[in-house]
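Student: Counting with our numbering, you get residues 1 to 605 for the letters of the sequence shown. Using N, Cα and C, we set each Cβ at its ideal position, and we do this for glycine too. Everything numeric in this text was worked out from a predicted model, so none of it was measured. Here's a structure for you.
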Amino acid sequence: MCGIVGYTGTQNAAPVLLEGLKKLEYRGYDSAGIAVLNDGRISISKVTGRIAGLAEKTEDGRLLPGVTGIGHTRWATHGAPTEPNAHPHTSNDGRFAVVHNGIIENYMELREELTRKGYHFESETDTEVVVHLVEMYYQDNLKQAVMRTAARLRGSYALGIICADEPEKIFAVREASPLILGVGIGENYFASDVTALVAHTRNAIYLEDGEFAELTPDSITVFDCTGHIIQKRVSRITWDIQAAEKGGYDHFMLKEIMEQPRAVKATMAPRIKGSEIVLDGVDIDLKQINKIMITACGSAYYAGCAAKYAIEKLCRVPVITELASELRYSDPLIDEHTLLIVLSQSGETADTIAAMRECQRRGAKTLAIVNVVGSTIAKIADWCLYTWAGPEIAVATTKGYTTQLTVLYLFALYAAKKVETVDDSTWRKLLSALKALPKQIQQALDMNPGISQLAKKYHSTCSMFFIGRNTDYAVALEGALKMKEISYIHAESYAAGELKHGTIALICEGQPVIALCCNDSVSEKTMSNIVEVKARGAEVLAVAFRDNARIVSLADDMLYIPKIDPLFSAAVEIVPLQILAYHVAKENGCDIDKPKNLAKSVTVE
Ligand code: G6P
Numbered sequence: 001m002c003g004i005v006g007y008t009g010t011q012n013a014a015p016v017l018l019e020g021l022k023k024l025e026y027r028g029y030d031s032a033g034i035a036v037l038n039d040g041r042i043s044i045s046k047v048t049g050r051i052a053g054l055a056e057k058t059e060d061g062r063l064l065p066g067v068t069g070i071g072h073t074r075w076a077t078h079g080a081p082t083e084p085n086a087h088p089h090t091s092n093d094g095r096f097a098v099v100h101n102g103i104i105e106n107y108m109e110l111r112e113e114l115t116r117k118g119y120h121f122e123s124e125t126d127t128e129v130v131v132h133l134v135e136m137y138y139q140d141n142l143k144q145a146v147m148r149t150a151a152r153l154r155g156s157y158a159l160g161i162i163c164a165d166e167p168e169k170i171f172a173v174r175e176a177s178p179l180i181l182g183v184g185i186g187e188n189y190f191a192s193d194v195t196a197l198v199a200h201t202r203n204a205i206y207l208e209d210g211e212f213a214e215l216t217p218d219s220i221t222v223f224d225c226t227g228h229i230i231q232k233r234v235s236r237i238t239w240d241i242q243a244a245e246k247g248g249y250d251h252f253m254l255k256e257i258m259e260q261p262r263a264v265k266a267t268m269a270p271r272i273k274g275s276e277i278v279l280d281g282v283d284i285d286l287k288q289i290n291k292i293m294i295t296a297c298g299s300a301y302y303a304g305c306a307a308k309y310a311i312e313k314l315c316r317v318p319v320i321t322e323l324a325s326e327l328r329y330s331d332p333l334i335d336e337h338t339l340l341i342v343l344s345q346s347g348e349t350a351d352t353i354a355a356m357r358e359c360q361r362r363g364a365k366t367l368a369i370v371n372v373v374g375s376t377i378a379k380i381a382d383w384c385l386y387t388w389a390g391p392e393i394a395v396a397t398t399k400g401y402t403t404q405l406t407v408l409y410l411f412a413l414y415a416a417k418k419v420e421t422v423d424d425s426t427w428r429k430l431l432s433a434l435k436a437l438p439k440q441i442q443q444a445l446d447m448n449p450g451i452s453q454l455a456k457k458y459h460s461t462c463s464m465f466f467i468g469r470n471t472d473y474a475v476a477l478e479g480a481l482k483m484k485e486i487s488y489i490h491a492e493s494y495a496a497g498e499l500k501h502g503t504i505a506l507i508c509e510g511q512p513v514i515a516l517c518c519n520d521s522v523s524e525k526t527m528s529n530i531v532e533v534k535a536r537g538a539e540v541l542a543v544a545f546r547d548n549a550r551i552v553s554l555a556d557d558m559l560y561i562p563k564i565d566p567l568f569s570a571a572v573e574i575v576p577l578q579i580l581a582y583h584v585a586k587e588n589g590c591d592i593d594k595p596k597n598l599a600k601s602v603t604v605e
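Have a look at this one:
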């Protein structure tokens, strides 16, 4: 998600920054910019689109002379990908410039405070508050101003800061966003990841959360958040560039699977304020809504299928899920009392856009849940809630799906409060359950080594069944899709109770069946289905809670997930299935990040 770079030394900074930003391109971005300090003034250049455009605009950096600078590639979150929203952002007096990775969760409060104090804002970003805070706190000491600014920020941030009055200095601040310092000779660097550093140096200092650093050409000083100097170890970067882009993982898919706790937290945390859920800009008159329709394609559709249970249970309103490619031609029963929820990672899926337009034509109100800011679906919806998953590069979605679920769960709780269908104490209990998701997803991720062993057992099959009931069935749909997409193994999801109506005829000796059994209200029933398939020779891998003692005696292999309310369990339950699909595909030598015949964004019908 975005990238930042910084340089202070004796070379012209701009070409070094441009080259560093190029190395970060793989992270995904939609605009870019650099700021260079020269002769007591800061010059800025920004573009929407590619780094190549920025290089052209600055004549490969020659138009911005100076030996100190910061740069940024932006992947839009707060505000569309426009030049004013691109970083670096500057203070009103032009003496400070800031680049930022991450999300400032309390930016709305800070923006109001700063506006009251007379600072004016040029962008819609959360970042701009940072540069005005630095200006406000600056009293001839940038270190103090940076420290006081960081103390006001909530959220995740890797910041790069320069000041016209303190030449040759760059400050780097880290809280819950990656930031690495590159140690050179007579020149120093920072960057979001090592790919931007290795061309210059393999000596690095890894900043920890709450630390910040002052870099000059000849020194790097690291401080804790109270301003005390900390001694840091210089590490040797041994990764090759390709591995570095993937954060050390073999594939983007695995990297993105592992990012889920952070992505879910980034999506959820800013929307939970104390014991309230705040969905910015959403002012749907829910009492006028008598039907919710969810539409999407692929995994986004399955996220809708899983969340349907939570919305119906909590809000007592019928929820119909419909594939966008079907909905668009189905003459749907929709009117102005229908809320259409549209899910899309890319925001550009052609079928989803067409279904949405058709429903809008019939009077439906539309709420989009989208990852890519400024995309078509985000723009044409009446309301939009962004998932803050960061760019997803692997074709098969993982963090896109879990963050969509997160927004839908937030919406279910938010709406239940509005329409008063849940009592206060249940509501609070559910909110706590929701807040625990990032930690529980992390616990599920910790099963990775065990699952890679299981993949060795299951990878050579030519077909798999995924069974479950209720919410478990919804997870089975996505689990089977993941397996198909990347391993090319035929995988069929089935409502466990339906097996006896046909599919059970296909169960024979050694047939792998993945049984999802995490919904207590139906787990006894699913276990009966496990007995039925076992009796016909199936090899059963069950996903369940540890307190389910009986299932251990039925299944051949077990994957335990942490105990969670079934209403929200899909976001955790899917994780071992994503990992299983990944390792099965890896065992089979498949092209995991770019599976054959598939595209990340399907912009044709
Ligand atoms: C493609 C992708 C899937 C995705 C689907 C919908 O098929 O490969 O991973 O779920 O499109 O995409 P969207 O961007 O609308 O979520």
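Measuring straight from C-alpha to C-alpha, what distance separates residue 541 and residue 404?
Tutor: Approximately 27 angstroms, taken between the alpha carbons.
Student: The beta strand (DSSP E) spanning residue 6 covers which residue range?
Tutor: Counting along the chain, the beta strand (DSSP E) containing residue 6 begins and ends at 3-8.
Student: Does the Cβ of residue 602 lie closer than 7 angstroms to at least one heavy atom of the ligand G6P?
Tutor: Yes, the Cβ of residue 602 comes within 7 angstroms of a heavy atom of the ligand G6P.
Student: Is residue 230 helix, strand or coil when you go by DSSP?
Tutor: Three-state DSSP puts residue 230 in a strand.
Student: Any idea which residues DSSP pairs residue 411 with across the strands?
Tutor: DSSP output for residue 411 lists no bridge partner at all.
Student: Is it right to say residue 597 is buried, meaning 16 or more other beta carbons lie within 10 angstroms of its own, or is it exposed?
Tutor: With fewer than 16 Cβ atoms within 10 Å of its Cβ, residue 597 is classed as exposed.
Student: Whose C-alpha, out of 82, 462, 595, 410, is nearest the C-alpha of residue 486?
Tutor: When each option's Cα is compared against that of residue 486, the closest is 595.
Student: Report the start-end ranges of each beta strand (DSSP E) in the region 322-353 that is 3 residues or longer and not cut off at the edges.
Tutor: Taking only runs of at least 3 residues, the beta strand (DSSP E) segments lying wholly in the region 322-353 are 338-344.
Student: Could you have a look at residue 393 and say whether DSSP puts it in helix, strand or coil?
Tutor: Coil.
Student: Can you tell which of 33, 218, 314, 450 has the C-alpha that lies nearest to the C-alpha of residue 558?
Tutor: Considering only alpha carbons, the answer is 450.
Student: Under the rule that 16 or more other beta-carbon atoms within 10 Å means buried, what is residue 307, buried or exposed?
Tutor: Counting Cβ neighbours within 10 Å, residue 307 comes out buried, since at least 16 surround it.
Student: Can you check DSSP and say which residues form a bridge with residue 463?
Tutor: In DSSP, residue 463 forms a bridge with 490.
Student: Taking 8 angstroms as the cut-off, decide whether the C-beta atoms of residue 574 and residue 338 are in contact.
Tutor: No. Outside cutoff.
Student: CB of residue 297 to nearest heavy atom of the ligand G6P: below 7 angstroms?
Tutor: Residue 297: yes, Cβ under 7 angstroms from the ligand G6P.
Student: Whether or not the region 97-113 and the region 195-212 are in contact is what I'm after, with contact meaning three or more pairs of Cβ atoms, one per stretch, closer than 8 angstroms; do they touch?
Tutor: Contact between the region 195-212 and the region 97-113 is absent, because fewer than three Cβ pairs lie under 8 angstroms.
Student: Indicate, with yes or no, if the ligand G6P has a heavy atom lying under 7 angstroms from the CB of residue 345.
Tutor: At least one heavy atom of the ligand G6P is nearer than 7 angstroms to the Cβ of residue 345, so yes.
Student: Specify the secondary structure class of residue 142 as computed by DSSP and reduced to three states.
Tutor: Looking at residue 142 - three-state DSSP - the assignment turns out to be helix.
Student: Between residue 332 and residue 359, what straight-line distance do the alpha-carbon atoms span, to the nearest angstrom?
Tutor: Straight-line Cα distance between these residues: approximately 8 angstroms.
Student: Do the region 366-383 and the region 314-331 touch if we need at least three Cβ pairs shorter than 8 angstroms?
Tutor: With a cut-off of 8 angstroms, the region 314-331 and the region 366-383 do not count as touching, because too few Cβ pairs lie within range.
Student: Shortest alpha-carbon distance to residue 154 belongs to which of 114, 269, 374, 253?
Tutor: Of the candidates 114, 269, 374, 253, the one whose C-alpha sits nearest the C-alpha of residue 154 is 269.
Student: Less than 7 angstroms between C-beta atoms, sequence neighbours within five positions excluded: which residues of the same chain meet that for residue 127?
Tutor: Closer than 7 angstroms at the Cβ level, and outside the excluded window around residue 127, lie 87, 89, 98, 100, 104.
Student: Taking the continuous alpha helix (DSSP H) assigned at residue 52, which residues delimit it?
Tutor: Counting along the chain, the alpha helix (DSSP H) containing residue 52 begins and ends at 51-57.
Student: Please state if the CB of residue 518 and the CB of residue 463 are separated by a distance shorter than 8 angstroms.
Tutor: It is not a contact, given that the beta carbons lie outside the stated cut-off.
Student: Residue 125 and residue 78 - do their beta-carbons sit closer together than 8 angstroms?
Tutor: Yes, the pair counts as a contact, with Cβ atoms nearer than the cut-off.
Student: Can you give me the start and stop residues for the beta strand (DSSP E) that residue 512 sits inside?
Tutor: Per DSSP, residue 512 belongs to the beta strand (DSSP E) from 512-517.
Student: Are there 16 or more other CB atoms within 10 angstroms of the CB of residue 265, so buried, or fewer, so exposed?
Tutor: The residue is buried, with at least 16 neighbouring Cβ atoms inside 10 Å.
Student: How long is the line joining the alpha carbons of residue 417 and residue 272, rounded to whole angstroms?
Tutor: Cα-Cα distance, rounded: 14 angstroms.
Student: Return the Cβ separation of residue 499 and residue 532 in integer angstroms, given the expectation that the two are a contact with Cβ distance under 8 angstroms.
Tutor: About 7 angstroms separates the two Cβ atoms, so the contact holds.
Student: Please determine whether the Cβ atom of residue 407 lies at a distance below 7 angstroms from any heavy atom of the ligand G6P.
Tutor: Flag unset: Cβ of residue 407 not near the ligand G6P.
Student: Give a single yes or no on whether residue 395 has its beta carbon closer than 7 angstroms to a heavy atom of the ligand G6P.
Tutor: Yes, Cβ of residue 395 sits closer than 7 angstroms to a heavy atom of the ligand G6P.
Student: On the premise that residue 351 lies in contact with residue 325, defined as a C-beta separation below 8 angstroms, what is that separation, rounded to the nearest angstrom?
Tutor: Contact flag correct, Cβ pair sits at about 4 angstroms.
Student: How is the beta strand (DSSP E) around residue 557 delimited, first residue to last?
Tutor: That run of the beta strand (DSSP E) goes 557-561.
Student: If you follow the alpha helix (DSSP H) that residue 133 is in, where does it begin and where does it stop?
Tutor: Per DSSP, residue 133 belongs to the alpha helix (DSSP H) from 128-137.
Student: Within the chosen definition, does the region 43-60 reach the region 163-172 through at least 3 CB pairs nearer than 8 angstroms?
Tutor: No, the region 43-60 is not in contact with the region 163-172.
Student: For the alpha helix (DSSP H) holding residue 68, just list the boundary residues, first then last.
Tutor: Per DSSP, residue 68 belongs to no alpha helix (DSSP H); it is in the beta strand (DSSP E), 68-74.
Student: State buried or exposed for residue 624, treating a residue as buried only when at least 16 other CB atoms are found within 10 Å of its CB.
Tutor: Coverage of the chain is limited to positions 1 through 605, which leaves residue 624 absent and any answer about it impossible.
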